[in-house]
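*Asks:*
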Amino acid sequence: GGVENHIWSLAFHLLRLGHKVIVITHAYKCADNEYSDEDDTTIRQKSKRSGVRYLPGGLKVYYCPFLPMVDEDCMPTFTVSFPLLRWIFIREAIDIVHSHQATSTLANEAVTYAAEMGLGSIYTDHSLFGFD
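Under the numbering used here, think of the first position of the sequence shown as 92, with each following residue one higher.
#1: Using 8 Å as the cut-off, can you tell me whether the stretch 185-193 makes contact with the stretch 141-161, which would need three or more C-beta pairs spanning the two stretches below that distance?
#2: When DSSP builds the beta bridges, which residues end up paired with Ser212?
#3: Leu108 to Asp186, Cα distance in whole Å?
#4: Under 8 Å between the Cβ atoms of Arg140 and Ala118?
#5: Could you check if Tyr154 belongs to the surroundings of the ligand SAM, using beta carbon to heavy atom distance under 7 Å?
#6: Are the CB atoms of Arg177 and Tyr214 within a distance shorter than 8 Å?
#7: Have a look at Val94, Thr132, Ile115 and flag the residue whose alpha-carbon is nearest the alpha-carbon of Glu200.
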């Protein structure tokens, strides 16, 4: 989607300028991979994007095991996600947390934790709602 492309583009250009950039998101279930072997037997592989992955250009992405609900937003907790996000912030020596999307509970929790840990934070709202 648009937010994901914006984050990837921003991260790519910051990496190109020499900054360290990581992305933190929740784990995703991916579409199953189906193919047929030489005997025309259909083989289905389950796929899930979780753990840590590196994208081209050196972008490190943490796919955290948080429960997504409606529209791929995580269930709000304000307690369960703190230990893992704190560990990532410390391990990666994070200085600034940049969150995106007003409806993302993970993003809102991340900037709240950043404030509690004395880290800088930036918020970008991609959600354009009507002003009627």
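In this text, a Cβ means the ideal position worked out from N, Cα and C, and glycines have one as well.
*Replies:* So, from the data block:
#1: no
#2: Taking the first residue of the sequence shown as position 1, residue 212 is located at position 121. According to DSSP, which records beta bridges pairwise, Ser212 is partnered with Val188.
#3: Numbered from 1 along the sequence shown, position 17 holds the residue referred to as residue 108. Numbered from 1 along the sequence shown, position 95 holds the residue referred to as residue 186. If I take the Cα positions, the gap works out to 16 Å.
#4: For this step, residue 140 is matched to residue 49 along the sequence shown. For this step, residue 118 is matched to residue 27 along the sequence shown. The answer is yes: Cβ separation under 8 Å.
#5: Ligands are entirely absent from the displayed structure, and the ligand SAM is therefore not among its contents.
#6: Along the sequence shown, one-based indexing puts residue 214 at 123. Along the sequence shown, one-based indexing puts residue 177 at 86. No, they are not a contact pair.
#7: The sequence position of residue 200 within the sequence shown is 109, counting from 1. When only C-alpha atoms are compared, the closest one is Ile115.
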